[in-house]
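**Q** Residue numbers for the sequence shown follow this note's numbering, so the first one is 871 and each next one is one higher.
Ideal placement from N, C-alpha and C gives every residue a C-beta, glycine not left out.
Computed from a prediction, not measured in an experiment: that's the story for all the values here.
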Amino acid sequence: MTGIDELLGSVLREITPTEEERKKILQVFEKIRDALEKHLHRVGVRAEVTLQGSIVHETWLRGDRDLDVFVLYPEEWSVSDVKERGFQLIKEAVENIGRVEVRYAEHPYVRVVVDDVEADIVPAFKLKSPVNIRTAVDRTPFHTQFVIEHLKNGLNNDVRLLKKFMKTVGVYGAEVKTKGFSGYAAELLVIKYGGFLNTLKAASEWRPPVYVNTLGDEALFRDVVRRLVEKYPESIIYMPDPVDPSRNVTAAVSLEKLSKFILSAKCFLEKPGLRYFEDVGEGEPADIAETIDERCVILVEVEASTRLPPEVIWGELDRIRDRCVKFLVNHDFNVYYSTVWTDESKRGVVVLELDECEKPAYKLYEGPPFTDLNRVTDFTRKHAGKSVKIWLSREGKLMSISRRSARNSLDLLATRYNEYLVSPHFKNSKPVVYRVTRGNIEALASKYGFNVLKDLTRKIEPWLLECTS
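(1) Closer than 7 Å by C-beta to residue 1054: which residues in its own chain qualify, once you throw out the five before and the five after it? Chain order, please.
(2) From residue 871 to residue 1065, what distance separates their C-alpha atoms?
(3) Using the three-state DSSP reduction, which class does residue 1085 fall into: helix, strand or coil?
(4) Closest to residue 1094 by CA distance: which of 1111, 1079 and 1078 is it?
(5) What residue does the beta strand (DSSP E) around residue 1211 start on, and which one ends it?
(6) Mind checking which residues open and close the beta strand (DSSP E) that includes residue 1109?
(7) Less than 8 Å between the beta carbons of residue 1279 and residue 1228, yes or no?
(8) In whole angstroms, what is the alpha-carbon distance linking residue 1301 and residue 1197?
(9) Identify the continuous alpha helix (DSSP H) that holds residue 1030 and give its terminal residues.
(10) Does residue 1322 come out as helix, strand or coil in the three-state DSSP assignment?
(11) When DSSP builds the beta bridges, which residues end up paired with residue 1166?
(12) Let me check one thing: in DSSP terms, what residues is residue 1278 bridge-paired to?
(13) In the DSSP assignment, find the unbroken alpha helix (DSSP H) run with residue 1257 in it and report its ends.
(14) Ordered along the chain, which non-local residues of its own chain (more than five positions away) have a Cβ less than 6 Å from that of residue 1270?
(15) How far does the beta strand (DSSP E) with residue 1268 in it extend, from its first residue to its last?
(16) Below 7 Å CB to CB, which residues in the same chain sit around residue 1297 once its five sequence neighbours on both sides are set aside?
(17) Once DSSP output is grouped into helix, strand and coil, what is the label at residue 888?
(18) Whether or not the segment 984-996 and the segment 896-905 are in contact is what I'm after, with contact meaning three or more pairs of Cβ atoms, one per stretch, closer than 8 Å; do they touch?
(19) Determine the direct distance from the alpha carbon of residue 1248 to that of residue 1076, and round the result to whole angstroms.
(20) Please name the residue, chosen from 1080, 1046, 1142 and 1160, that lies closest to residue 1067 on a Cα-to-Cα basis.
(21) Please determine, among 1018, 980, 1090 and 1027, the residue with the shortest C-alpha to C-alpha distance to residue 885.
(22) Using the C-alpha atoms, what's the distance from residue 1205 back to residue 1277?
(23) Hey, how far is the Cα of residue 1287 from the Cα of residue 1195?
(24) How is residue 1017 classed by DSSP in three states: helix, strand or coil?
(25) Measure the CB-CB distance between residue 991 and residue 941 and report whether it falls below 8 Å.
(26) So what does DSSP say about residue 1240, is it helix, strand or coil?
(27) Output the distance between the C-alpha atoms of residue 1018 and residue 1171, rounded to the nearest integer angstrom.
(28) Under the rule that 16 or more other beta-carbon atoms within 10 Å means buried, what is residue 1295, buried or exposed?
(29) Report back the beta-carbon spacing between residue 1189 and residue 1208 to the nearest angstrom; my notes put them in contact at under 8 Å.
(30) Once you ignore the five residues that flank residue 1226 on each side, which residues in its own chain have a CB closer than 6 Å to its CB?
(31) Where does residue 912 land, buried or exposed, given buried means 16+ other C-beta within 10 angstroms?
(32) On the DSSP letters alone, give me the boundaries of the beta strand (DSSP E) that residue 1126 sits inside.
(33) Which of the three DSSP states, helix, strand or coil, is assigned to residue 991?
(34) Out of 1058, 1047, 964 and 1087, state which residue places its alpha-carbon closest to the alpha-carbon of residue 1122.
(35) So residue 923 and residue 938 are supposed to be a Cβ contact under 8 Å. How far apart are they, rounded?
(36) How many angstroms separate the CA atom of residue 888 from the CA atom of residue 1135?
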């Protein structure tokens, strides 16, 4: 056994669920299934209660307490029947067995928490073929069937390794919050390349845009990819869903997360180590307290008009972040870093780090050379009314000094918020703008549970430090 085999073997022993966990998860599923089946029988509805996802695939990680339960209704039902009646039946069936929350994806589903196990219970159609898919969630049972058929000879454990690797380096999760790889994408990669190490070897050679043939037949793959590029023009990695080739499994992956995965794959192959599988702490306020007063770190806290589903609030906050950056850049501020955080209810925070919080009162403008009279005329007319000085430089270019219309970034964000709060549920929110300082960092960390500042405290990813040292 090689050193890397020993390393991966030790990791696998730590991330594989225990028998106690497995027993508990299945007991909760049986409790949910019994409640659903009894209620469905009582109201005379034929439906199949099934367990889907990573638990059935045997690719789930130790400590994960998530169940994907699908209630499959008759194919002759309408889509509205499944979304409305089917959802309501689920809600009625489980309301007394745990804490119930209503969640939203393409259509509503129920999340119930039973004995610290979270179960998402989703209404869908019972179909004979994926060709007949009518809602997005109808694919899931066919995904389960495909993965079970193709994850042979212990490859499920390779998926566990890949999932843990992706989680550690921060690229796991296809939700808007992360914009990384889904669990199903990780499973397809291991199936395609034949293992964890082979997946990293392939990924280390990727150059965006990336095309991953999950269909086998090259001619079919080329034809499918051509259509996927038209359907998903913003994607930077294309991986057709073998269950439904019209869908790009990796459509959600951002360039940032793809780049991080490629680099971490290169690094691991160069210097394998436990760093790629160890949970990273969030850091502490003290980690940035020494330098924070010399930096311009701003928090923009906003509140939505109503409680929103996680995917919606993360998406709207990211649009606000993007508008904030463009707004500040238009006023000559250089934004080094930006991110968002939310408690997934109504409150959100945009985190910005700028080159400086306040600009000088005057700005220097460099104009055209003296040889171009038309441009000299345009420049002079534009600046004559607002400049305090216009002159020819020693290099023969027109120059101007003009007073800035806005100097302070915090004032800009606090008073002109209508220019960046454009997302539907935040339009009427008046933001609270803070500059992070040594004096308030503890209070802000307490207010937000420090999640909002965690990326600022991490000077460098541990795996990257180990790779480059």
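**A** Walking through what the data contain:
(1) Close CB contacts of residue 1054 within its chain, under the 7 Å cut and outside five residues either way in sequence, are with 1013 and 1119 (chain order).
(2) The predicted position of residue 871 is uncertain, since its pLDDT is 49 and thus under 50; a value taken from the coordinates is nonetheless stated next. C-alpha separation (whole angstroms): 17 Å.
(3) Reduced to three states, the DSSP call for residue 1085 is coil.
(4) Measuring C-alpha to C-alpha distances from residue 1094 to each of 1111, 1079 and 1078 identifies 1111 as the nearest.
(5) Run containing residue 1211: 1205-1212, per the beta strand (DSSP E) assignment.
(6) No beta strand (DSSP E) holds residue 1109; DSSP gives it neither H nor E.
(7) Yes, these two residues count as a Cβ contact at 8 Å.
(8) Computed Cα separation, rounded: 15 Å.
(9) Per DSSP, the unbroken alpha helix (DSSP H) holding residue 1030 starts and ends at 1025-1039.
(10) DSSP, reduced to helix, strand and coil, places residue 1322 within a helical segment of the structure shown.
(11) DSSP, once it has assigned bridges, lists 1224 as partnering residue 1166.
(12) As DSSP reads the structure, residue 1278 sits in a beta bridge with 1228.
(13) In the DSSP assignment, residue 1257 falls outside any alpha helix (DSSP H) and within the unbroken beta strand (DSSP E) covering 1257-1262.
(14) Sequence-distant partners of residue 1270 (beyond 5 residues in either direction) whose C-beta falls short of 6 Å from its own C-beta, in its chain, are 1235, 1253, 1257 and 1260.
(15) Note, residue 1268: beta strand (DSSP E), 1267-1273.
(16) Exclusion of the five residues before and after residue 1297 leaves 1291 as the residues of its chain whose Cβ lies within less than 7 Å of its Cβ.
(17) The DSSP-derived three-state label of residue 888 is coil.
(18) Yes, since at least three Cβ pairs between the segment 896-905 and the segment 984-996 fall closer than 8 Å, the two stretches touch.
(19) Roughly 48 Å separates the two Cα atoms.
(20) Comparing Cα positions, the closest option is 1142.
(21) Per the C-alpha coordinates, the member of 1018, 980, 1090 and 1027 positioned closest to residue 885 is 1027.
(22) Residue 1277 and residue 1205: Cα-Cα distance of roughly 15 Å.
(23) Spanning the two alpha carbons is a distance of roughly 12 Å.
(24) Here residue 1017 sits in helix by DSSP.
(25) It is a contact, given that the beta carbons lie within the stated cut-off.
(26) Correct three-state label for residue 1240: coil.
(27) In this structure, the straight-line span from the alpha carbon of residue 1018 to that of residue 1171 is close to 45 Å.
(28) Buried, since its Cβ has 16 or more Cβ neighbours within 10 Å.
(29) Not really, about 12 Å apart at Cβ, beyond 8 Å.
(30) Only 1166 meet the Cβ criterion.
(31) Residue 912 comes out exposed.
(32) Where residue 1126 is concerned, there is no enclosing beta strand (DSSP E), although the alpha helix (DSSP H) it sits in stretches over 1125-1140.
(33) Strand.
(34) The shortest Cα separation from residue 1122 among 1058, 1047, 964 and 1087 belongs to 1047.
(35) Indeed they touch by this definition, with Cβ atoms about 4 Å apart.
(36) Approximately 28 Å between the Cα atoms of the pair.
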